[in-house]
Structures are given as C-alpha cells and as structure tokens.
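K.L.:
Residue numbers (this note's numbering): 55 to 244. Each residue gets a CB set at the ideal place from its N, CA and C atoms; glycine is no exception. Since we're looking at a predicted model, the values are computed, not measured. So that we are looking at the same thing, I have put the structure below in structure tokens.
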C-alpha cells in the first residue's frame, strides 16, 4: 500500500433492483474498511452529497457487492461486520447498531424494545435516530426495526424499499402493519 493510501476514500457503485447503490471504503493496513453504504436515492430524498471518492474496488469489496446482490435475490446471507468501520459511530449508536444486527432475518423488533434491551426503556426515539443514520444499511439491517404500533417508521431509502425487504425476508403485513411476533433480544438470549 502506498503512503497516504489509507486516507483515500474509494467508492464502488453497482445497480440493484431498487436502484443504484454504492460502498464507500478506505484501505487500512492492507484491508478494506467500509465507511458507508449508500442506498438508492428516493423521490423527496435529498440527492447524494458530492463525495471526494476515487472509483476503485478490490476482491473483498467485490465479494461484498456479490453478497448484497444475492441478498436482494432472496438468498439468506450472514453479513460480517469484520470490515465495517464502527469506530466512526458514537458509543450509543454503536450499541444500537450491534443490537439491531442481532435481529434475525424474517423477524422485526420495535425501537422501544431495542431501547429496553439496551437498558434505556425511554430511549425509543433516540434508537430511531441512531438507526435513521445507520452508515451500514443492509449489512446492519435497520429495516428490521419498526414502530410500537407495528407501522414501518422510516427508512433511508424510503418505506417502499423497507417493506419490500421485510416481505422478501418473510415478514407478513395486514395493511400497513406488521403482523406476527416481535423479536425480543432479552428473550432470545435465554
């Protein structure tokens, strides 16, 4: 690796069934560190900021792109967080993201249940804000968190994509509400 290369920001863009996505990454100690996953822009969503990123990929990033595309095709993928730069998150957001990461495919939890699991039962809105700014959507499945009234809440790429991802994972809906049991992290740990 060239001196100063670890400071460079790289981008890999790729098409998905939902629209164009991108992975922002840096080379750290000869390995890629994922800085951010950019979901497809939506109507009403502000356009992506202009980034000073160099188009470049590597084998590990190419493998991640392939995994994301297989996930969108309906395959069960166990995404690893080994290359994710969680150190860029606040301590609270990091705790929220790790709790969210534990929610299995095909299940959902509420912002309030996640807050309670973290020992902060009155922090549902703070959990929602932490997930709204999740830098690693799809890898950390923030689409699996919903409101306590079982409606979807929000999602960076829009509610249509959130619902499509949940339906692809087998989550059922009655109108605008999720039906079925909710994931309780504390119960799952026992």
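(1) Can you give the beta carbon distance from residue 130 to residue 149, rounded, assuming they're within the 8 angstroms contact cut?
(2) I'd like to check one pair, residue 164 with residue 134: are the Cβ atoms closer than 7 angstroms?
(3) Do you know whose CA, among 190, 192, 146 and 189, lies nearest residue 171's CA?
(4) Using DSSP bridges, identify the partner residues of residue 67.
(5) How many angstroms separate the CA atom of residue 245 from the CA atom of residue 78?
(6) Round the Cβ separation of residue 66 and residue 115 to the nearest angstrom and send it over; I've been treating them as touching at under 8 angstroms.
(7) Say whether chain C places a C-beta atom closer than 7 angstroms to the C-beta of residue 118.
(8) Just how far apart, CA to CA, sit residue 230 and residue 198?
P.N.:
This is what the structure gives:
(1) Residue 130 to residue 149, Cβ: 26 angstroms. No contact.
(2) no
(3) 146
(4) 76
(5) Absent from the model: residue 245. The displayed extent of the chain is 55 to 244, so no value can be given.
(6) 5 angstroms
(7) Within the model displayed, chain C is absent; a lone protein chain is all it includes.
(8) 15 angstroms
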